[in-house]
Amino acid sequence: MDELARLLGHVDLFDGLDPSTLEALADQLEVEYVSAGSTIVEEGEAGDCLYIVDSGRLRVSKMVDGSEIVLRELSRADVVGEMALLDDRPRSATVRAVRDSRIYRLGASSFADLVTQRPSVLSQVARLLITRLTSVHTPPLGSGAPRTVAMCPAGPDGSRVGRTAHLLAAELELTGRVCHVDTDMVNDALGRGAAERTPEGPGWGDLVNWFHAIERSHDHVIYETEVDLTPWSWTCLRQADLVLVVGAADGDPSLGAVEAATDTLTGSARRELVLVHPPFQPRPRGTARWLDRRAVDGHHHLRDGSAADVARLARLVRGEAYGLVLGGGGPRGLAHLGVIRALEETGIPIDFVGGTSIGAMMGAAVAAGLSDAERLQRIVEPIASRGRLLDVTLPILSLASATKISRMLSSQAGFGSLQIEDLPRPFFCVSADLSSADEVVHETGDLWRAIRASLSIPGVFPPVYERGRLLVDGAVLNNLPVDLMRERVGSGTVIAVDLLPEMDKLESSPFEPELSGWRALGRRLRPSIGSSSVPTILDVMSRSNALAGVRAQRDVLATTRVDLYLRPPMFPLGSFDFKAALPLVDLAYHDTMSVLETHDWGRRAAETPSER
Numbered sequence: 013m014d015e016l017a018r019l020l021g022h023v024d025l026f027d028g029l030d031p032s033t034l035e036a037l038a039d040q041l042e043v044e045y046v047s048a049g050s051t052i053v054e055e056g057e058a059g060d061c062l063y064i065v066d067s068g069r070l071r072v073s074k075m076v077d078g079s080e081i082v083l084r085e086l087s088r089a090d091v092v093g094e095m096a097l098l099d100d101r102p103r104s105a106t107v108r109a110v111r112d113s114r115i116y117r118l119g120a121s122s123f124a125d126l127v128t129q130r131p132s133v134l135s136q137v138a139r140l141l142i143t144r145l146t147s148v149h150t151p152p153l154g155s156g157a158p159r160t161v162a163m164c165p166a167g168p169d170g171s172r173v174g175r176t177a178h179l180l181a182a183e184l185e186l187t188g189r190v191c192h193v194d195t196d197m198v199n200d201a202l203g204r205g206a207a208e209r210t211p212e213g214p215g216w217g218d219l220v221n222w223f224h225a226i227e228r229s230h231d232h233v234i235y236e237t238e239v240d241l242t243p244w245s246w247t248c249l250r251q252a253d254l255v256l257v258v259g260a261a262d263g264d265p266s267l268g269a270v271e272a273a274t275d276t277l278t279g280s281a282r283r284e285l286v287l288v289h290p291p292f293q294p295r296p297r298g299t300a301r302w303l304d305r306r307a308v309d310g311h312h313h314l315r316d317g318s319a320a321d322v323a324r325l326a327r328l329v330r331g332e333a334y335g336l337v338l339g340g341g342g343p344r345g346l347a348h349l350g351v352i353r354a355l356e357e358t359g360i361p362i363d364f365v366g367g368t369s370i371g372a373m374m375g376a377a378v379a380a381g382l383s384d385a386e387r388l389q390r391i392v393e394p395i396a397s398r399g400r401l402l403d404v405t406l407p408i409l410s411l412a413s414a415t416k417i418s419r420m421l422s423s424q425a426g427f428g429s430l431q432i433e434d435l436p437r438p439f440f441c442v443s444a445d446l447s448s449a450d451e452v453v454h455e456t457g458d459l460w461r462a463i464r465a466s467l468s469i470p471g472v473f474p475p476v477y478e479r480g481r482l483l484v485d486g487a488v489l490n491n492l493p494v495d496l497m498r499e500r501v502g503s504g505t506v507i508a509v510d511l512l513p514e515m516d517k518l519e520s521s522p523f524e525p526e527l528s529g530w531r532a533l534g535r536r537l538r539p540s541i542g543s544s545s546v547p548t549i550l551d552v553m554s555r556s557n558a559l560a561g562v563r564a565q566r567d568v569l570a571t572t573r574v575d576l577y578l579r580p581p582m583f584p585l586g587s588f589d590f591k592a593a594l595p596l597v598d599l600a601y602h603d604t605m606s607v608l609e610t611h612d613w614g615r616r617a618a619e620t621p622s623e624r
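For the sequence shown, our numbering assigns the number 13 to the initial residue and increments by one for each residue that follows.
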């Protein structure tokens, strides 16, 4: 009873009640064990009790215009259905268990009995209930890091699961308390056959209580399933905040029995694919054959024996992954390479990479695992040697044919043979669909074509045709996609590199509204008849594109948390003068190093969560 009273002391609805009242309240509670997928409260039914979560997780949802809208998720010490203590009006939402859970029920009649014995309880609870109802705070859905992880085989071969679970547990133990649970551990603790217990059979409550004790005493719990879909495998899946399906990258990609069962779960656990590659394989390959057969929320590559790859997976599990977002900016994009070099030298990990326009090109080089020297050789040198990267054509679809930029991306940069899903680090880039006005996020398919679409400035380069869509520069809709990165790293760290100026003034001398191209050319050839500082068509088109990007970017930054916002210094540049932009690499490097050293980001990236 003491433990139950302590639980009630952490429930905000009962905050302030004295210990003896909490003990009396605990006497009125009834324990219930509910399995994942069970409906606890149905929207519209009469309310006669509240529920307190002790272990597991519940989901609150509501039907709106025929669709189910998830409102929030509840974990330990959260309460739902509290209005039933004062009013028997119909329930306003549906509550389901998304994990095997232990909950406590407080009936309205039991609460009334308690109030009869202790009248002061009513005024205290009513006051706290009014405070809760008038509060505008809404807990963010799924914002916390996963604490329980189920690891199961991807495909019929389960040989990689145990070793990967062991390596992940060892890495997580560097920053917290971790328990790796398998059938042997359960049977040793609770007796032979305990791992095979089911919600309908005897002893289930004891098993849930054991899980509860393990999860309360550890920061992370890894549940390792069996190869076959046994009762234990089902239990592991129901306990999980995150499901990692693990397979040998060079093995059979057909759907395994355990991972197939995750499609029938009603829980909120994310499903991530982990592919283990041979230790000396230059880069991942063949990922598409795995993704084509299963619906997952993300995928990760591990080289067998690579401590760095396991550390990256552990940061994901801890909710401490680092996401780098690189914005568009034309030739200013060379500054990204200086920023990236500074981040790497400081020891700041880069786990996810995303970008738009020129940022997509630079981000792809990072995600592909190119070193700083390789990035300079494959990207900067070809750009500098080709100058403006413009091959002027008959201006029907665009001013340039994009032959130079396409050849540079597919051949010299080395992106032509790569698929996005095969990159060692997760990568995305953004383009805009002229047909639907939608933002398009590229996370699979040909890498060079995705980059080519992302930097296709309208009117300058032709759109990229893809399955009926006409794709242009993503900067039109989302120049700095920090919102997309936040979705991927959750509570982790988002680093954004913004190259767009606050709209520096576009210099121009006065000219008449009817200025023709011939007269503008005459001004340039004969300055004596007037100033030649009239913007070119490239300046006008690229700046028009930037205007939309700046407006959209302001809205995104206003609503999305960015942990490190970098704006390297710039100097005036022509819209496509990449050769003149070469000094930006070193300029951005030194500026970023100064920022990182000032705020000690190297130390912050290296320390454990408890040290922060």
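All C-beta atoms, glycine included, are put in the ideal place defined by N, C-alpha and C. Note that the structure is predicted; figures quoted are calculated from it, not measured.
Can you tell me the Cβ-Cβ gap for residue i and residue j, rounded? I've got them flagged as a contact below 8 angstroms.
{"i": "residue 67", "j": "residue 84", "result": "Not a contact, Cβ separation roughly 18 angstroms."}
{"i": "residue 343", "j": "residue 593", "result": "4 angstroms"}
{"i": "residue 177", "j": "residue 340", "result": "Actually they are not in contact, since the Cβ atoms of residue 177 and residue 340 sit about 41 angstroms apart, beyond 8 angstroms."}
{"i": "residue 296", "j": "residue 379", "result": "Incorrect: roughly 11 angstroms between the Cβ atoms, too far for contact."}
{"i": "residue 431", "j": "residue 471", "result": "Contact doesn't hold; Cβ gap of about 30 angstroms is too wide."}
{"i": "residue 100", "j": "residue 251", "result": "Not confirmed; about 34 angstroms, so no contact."}
Go to residue i, then tell me how far its alpha helix (DSSP H) extends in each direction, as first and last residue.
{"i": "residue 602", "result": "596-610"}
{"i": "residue 266", "result": "Counting along the chain, residue 266 falls outside any alpha helix (DSSP H), and DSSP gives it neither H nor E."}
{"i": "residue 165", "result": "Element bounds for residue 165: not the alpha helix (DSSP H) but the beta strand (DSSP E), 160-165."}
{"i": "residue 236", "result": "From DSSP, residue 236 is part of no alpha helix (DSSP H) but of the beta strand (DSSP E) over 232-236."}
{"i": "residue 481", "result": "No alpha helix (DSSP H) contains residue 481, which is instead part of the beta strand (DSSP E) from 481-485."}
{"i": "residue 195", "result": "195-202"}
{"i": "residue 320", "result": "319-330"}
Where residue i and residue j are concerned, what is the direct C-alpha to C-alpha distance, given to the nearest angstrom?
{"i": "residue 72", "j": "residue 81", "result": "9 angstroms"}
{"i": "residue 575", "j": "residue 438", "result": "19 angstroms"}
{"i": "residue 413", "j": "residue 384", "result": "30 angstroms"}
{"i": "residue 319", "j": "residue 336", "result": "21 angstroms"}
{"i": "residue 233", "j": "residue 579", "result": "40 angstroms"}
{"i": "residue 226", "j": "residue 423", "result": "54 angstroms"}
{"i": "residue 155", "j": "residue 331", "result": "Note on residue 155: pLDDT 46, under 50, position unreliable in the model; the coordinate value appears next. Approximately 9 angstroms between the Cα atoms of the pair."}
{"i": "residue 510", "j": "residue 501", "result": "19 angstroms"}
{"i": "residue 573", "j": "residue 493", "result": "12 angstroms"}
{"i": "residue 76", "j": "residue 55", "result": "12 angstroms"}
{"i": "residue 142", "j": "residue 18", "result": "23 angstroms"}
{"i": "residue 262", "j": "residue 168", "result": "13 angstroms"}
{"i": "residue 363", "j": "residue 311", "result": "12 angstroms"}
{"i": "residue 257", "j": "residue 202", "result": "27 angstroms"}
{"i": "residue 567", "j": "residue 366", "result": "18 angstroms"}
{"i": "residue 287", "j": "residue 28", "result": "50 angstroms"}
{"i": "residue 174", "j": "residue 236", "result": "7 angstroms"}
{"i": "residue 448", "j": "residue 313", "result": "34 angstroms"}
{"i": "residue 200", "j": "residue 206", "result": "9 angstroms"}
How is residue i classed by DSSP in three states: helix, strand or coil?
{"i": "residue 370", "result": "helix"}
{"i": "residue 54", "result": "coil"}
{"i": "residue 293", "result": "coil"}
{"i": "residue 348", "result": "helix"}
{"i": "residue 431", "result": "strand"}
{"i": "residue 338", "result": "strand"}
{"i": "residue 364", "result": "strand"}
{"i": "residue 189", "result": "coil"}
{"i": "residue 456", "result": "coil"}
{"i": "residue 102", "result": "strand"}
{"i": "residue 154", "result": "A caution first: residue 154 carries a pLDDT of 44, below 50, which makes its placement in the model too unreliable to give a value."}
{"i": "residue 474", "result": "coil"}
{"i": "residue 419", "result": "helix"}
{"i": "residue 108", "result": "strand"}
{"i": "residue 141", "result": "helix"}
{"i": "residue 113", "result": "strand"}
Ends of the beta strand (DSSP E) at residue i?
{"i": "residue 67", "result": "61-67"}
{"i": "residue 440", "result": "439-445"}
{"i": "residue 85", "result": "79-86"}
{"i": "residue 315", "result": "310-315"}
{"i": "residue 75", "result": "70-76"}
{"i": "residue 412", "result": "Note, residue 412: premise wrong, no beta strand (DSSP E); not H, not E."}
Does at least one heavy atom of the ligand ATP sit under 6 angstroms from the Cβ of residue i?
{"i": "residue 104", "result": "With respect to the ligand ATP, the structure offers nothing, as it holds no ligand at all."}
Touching by the beta-carbon criterion (3+ pairs, under 8 angstroms), the segment 162-176 and the segment 264-273: Under the Cβ criterion (8 angstroms, minimum of three pairs), the segment 162-176 counts as touching the segment 264-273.
Cβ pair count under 8 angstroms reaching 3, the segment 358-375 against the segment 179-195: Too few Cβ pairs lie closer than 8 angstroms, so no.
Touch test, the segment 116-125 against the segment 26-45, Cβ-Cβ under 8 angstroms, three pairs minimum: The answer is yes - the segment 26-45 touches the segment 116-125, with three or more Cβ pairs under 8 angstroms.
The segment 441-449 / the segment 463-478 touching (three or more Cβ pairs under 8 angstroms): These segments touch.
The segment 382-396 / the segment 476-490 touching (three or more Cβ pairs under 8 angstroms): These segments do not touch.
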